[in-house]
Amino acid sequence: MSNMRFVDLHCDTLACEVYRSCGAKNLRSNDCHLDLLRMREGGSLLQCFALYIPTPAHDAATKEEIGPWEYYKKTAACYEAELAKNTDLIAPVHSFADIEKNRAAGKMSAMLTVEDGVPLEGRLERVDEMYKQGVRLITITWNHENSLGFPNKTAPEKGLKPFGIEALARMNELGIIADSSHLSDAGFWDLVKYSKKPFVASHSNAKALCGIYRNLTDDMLRALADKGGVTGLNFSADFLVDDAHYTHVADLVRHARHIADVAGVETVALGSDFDGIGCELEFKDCAGMPMIEEGLSKAFTAREVDLITHGNALRVMKDNFGA
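The opening position of the sequence shown corresponds to residue 8 in our numbering, with each subsequent residue numbered one higher.
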């Protein structure tokens, strides 16, 4: 993969910073955790850009409340506009082959994801519409109930709704990765039961090391491994150490090592949550990703580090998208 080697399954930069700024911030260069110039400096191969859908949702310009589907369309348009302005640096991913095509052209890859299935509003045809617009991963819920299921924050014992199971089947057919981060415990186990393809926890760590409700138990990690999925290491300090406010590389490595020991190194990936986290980072921002790689190299072989930084996530994408 040469210098372009990091695959990050989750960041909030596009929707939470660029879209909300109404033009004051852009994706190429900004003062956030992540921009395209620093991604290139840090060795990015592929970045998943999440369209986080708040509840309630408000138009960035007018501040008027709008529906989740309309909000999704506005943020998706912002994503498309930012990519169109930066074709020298980055190109979208609609198929697995696009990743290598972009790399060969010297360009990073962008993958569009949706954080919270709330815009579907029980309408299966919207899964197809999202796919046509380039969405390749959907986080089933955020921290609110929606038409697919329930969040771990308020209803860990409630599983996927009938529409959630129906939507999951369509996602499997099309090649949209299901994401369990934020989803209820019972919903996670429903993904294990019903998903025909590997799924991910795009930004979740090991609950055995940090008890926050969003992390995965060892049993969950083993089940995720059995499905061929991955969990993306979340860089937020309070997902690494209880009540922490500063992210140390050593703590990321500690979680990676635990997950690998419990579920196999093939289950570990990266899911930064850049610009969705409020703590300070030892490695500062996305340009500091090589510091994480260096830390991992102290606990893993070179081959294993490659799996964590890109290989495992790419495998899941290939298994979902097809070659």
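Glycine residues also receive a C-beta, built at the ideal position from the N, C-alpha and C atoms. As the structure is a computational prediction, the values presented were derived from the model and not from experiment.
Check, Outcome
"For Ile97 and Asn153, the rounded distance between their alpha carbons", "33 angstroms"
"Helix, strand or coil at Val147 [DSSP, three-state]", "A quick correction: the sequence has Ile, not Val, at residue 147. Coil at Ile147, not helix or strand."
"Straight-line gap, Val25 to Tyr59 (C-alpha atoms, nearest Å)", "12 angstroms"
"Residue from Leu155, Asp313, Leu175 whose Cα sits closest to the Cα of Val14", "Asp313"
"Assigned secondary structure, Phe56 (DSSP; H/G/I helix, E/B strand, else coil)", "strand"
"Neighbourhood of Met8 by C-beta, 8 angstroms cutoff - its chain only, sequence neighbours within 5 removed", "Because the pLDDT at Met8 is just 41, under 50, the model does not fix this residue reliably, and the value given afterwards should be weighed accordingly. Closer than 8 angstroms at the Cβ level, and outside the excluded window around Met8, lie Leu52, Arg110, Asp313, His317."
"Status (buried if at least 16 other CB within 10 Å, exposed otherwise) for Gly30", "exposed"
"Proximity below 9 angstroms, CB of Asp334 to CB of Thr20", "Given a span of 8 to 330 for the chain in the structure shown, any question on residue 334 remains unanswerable."
"Endpoints, the beta strand (DSSP E) within which Pro99 is located", "97–99"
"Ala185 - DSSP class collapsed to helix/strand/coil", "strand"
"Proximity to Thr120 [Cα-Cα], best of Gly235, Arg130, Ile147, Thr94", "Ile147"
"Distance between Ile106 and Gly329 (C-alpha atoms, nearest Å)", "13 angstroms"
"Cys18 in three-state terms, based on DSSP", "strand"
"Through-space distance from Lys92 to Asn319, alpha-carbon basis", "30 angstroms"
"Span separating the alpha-carbon of Lys214 from that of Ala176", "28 angstroms"
"Among Gly285, Leu223, Ala22, nearest to Lys80 - alpha-carbon criterion", "Ala22"
"Run of the alpha helix (DSSP H) containing Gly406, from where it starts to where it stops", "Any question about residue 406 goes unanswered here, given that the chain covers just 8 to 330."
"Limits of the beta strand (DSSP E) - the one that Gly239 falls within", "237–240"
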